[in-house]
Amino acid sequence: MAEPVAIPNENITETTQPQSQVALTQPPVIEPVNTAQSPTNPVLLSEAQPVQAVAPQIAKPTIVSSVVTDETETRILGLKYAEGAKPFVVFAEAGILGLGFGAGFSINSYLDLVAGYNGGKYKADALDFELMSGMKVDKVDFDSKVQYVAANIRPFAGSFHLTLGLFNQDIKFKGQYSPSDFYLDEGELPEYTFNHATFDANQVGNVHLDVDFNQKVLPYVGIGWSPKISQRWGLATQFGAMYAGKPQVSYYPENGNLTIQDQDKTTTLGEALKVEEDNFSTWLKWIPVAKIGLWVRF
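Each step along the sequence shown adds one to the number in my numbering, with nothing skipped, and position 22 is 26.
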């Protein structure tokens, strides 16, 4: 049997692919990516935020005058003072209320706050202050203890100042009148005059006076002058008065006889002394204050 003869055909082309090429044409396997486990996520360019430019900080120029002011100022108790200022002051003084001392602090050139003490005890048993009428003041007993706080207001920022304060006082005053014939002519008798009525001093005998200020805390007003001697030392003067209200004043004869008649038989000793008590207590509503002292600042 004859074998078939292969007839070549030029229009048919036979192609073959290598084994490796066939493998590459297989679709790739894409594994899903877990974004929760990924440390970073890619940022799309379309989602990027615009970057803002930060303007550089420009230092402000320092004012020379403020630097100089700070260097020439100091703070004491939270208050500003000029360099070298001495706002603290201590002082010693003497006056009607006795010897005293105190301390103070200057808030500024217009205001000082001060606190002090005055006290003294004067006792004279043989004063022998003779009066022309035949009355002799031969015993005076004055006892004073005063503590005070005050503000010195300097309206012109100088030595002159107004003073307003409170005085806590314990002041007692006692006196005694006695008959005297020192200034009398021969044959004249010593006399007492109370409320314009004349009494026989020998008949009345000694008359005592007691003054007691019931109101303890008294308002004070005064004026003062405190010039400098040097940068630290100076003088101080003070004149003023404490308002005491109406103090308790008592006049009484030593023998206790208030029924003695005056020479004109118009009133009794008790009635006359009562008027004197009222007049004297009215006059003593204001207790005078006068003192001079020396101060030093630091």
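Note that beta-carbon positions come from the ideal geometry of N, C-alpha and C, so glycine has one too.
- Less than 8 angstroms divides the Cβ of proline 194 from the Cβ of asparagine 206.
- Between alanine 201 and phenylalanine 95 a beta carbon distance of about 48 angstroms is seen, past the 8 angstroms cut, so the two are scored as non-contacting.
- Each of Gly102, Phe109, Glu258 and Phe160 was checked against the Cα of asparagine 122, and the nearest Cα belongs to Gly102.
- DSSP places glutamine 207 within a helical segment (H, G or I) once states are collapsed to three.
- Taking a 10 Å sphere around the C-beta of asparagine 156, we find 16 or more other C-beta atoms and assign the residue as buried.
- In the three-state DSSP reduction, alanine 201 falls in the strand class (E or B).
- Around leucine 262, the same chain offers Leu273 and Gly274 as residues with beta carbons nearer than 6 angstroms, after the five sequence neighbours per side are excluded.
- Here the C-alpha atom of lysine 125 lies approximately 31 angstroms from the C-alpha atom of serine 163.
- Three or more Cβ pairs closer than 8 angstroms define a contact, and the region 283–298 meets that threshold against the region 226–245.
- Between the alpha carbons of leucine 213 and valine 118 lies a distance of about 35 angstroms.
- Per DSSP, asparagine 259 lies in no beta strand (DSSP E) segment and is marked neither H nor E.
- By a beta-carbon distance limit of 8 angstroms, tyrosine 181 does not contact glycine 169. Their separation comes to about 35 angstroms.
- Taking the Cα positions, arginine 79 is about 11 angstroms away from proline 91.
- Looking only at Glu97, Ala98, Tyr114 and Val93, the smallest Cα-Cα distance to alanine 107 is reached by Val93.
- Put simply, the backbone Cα of lysine 143 is about 21 angstroms away from that of proline 251.
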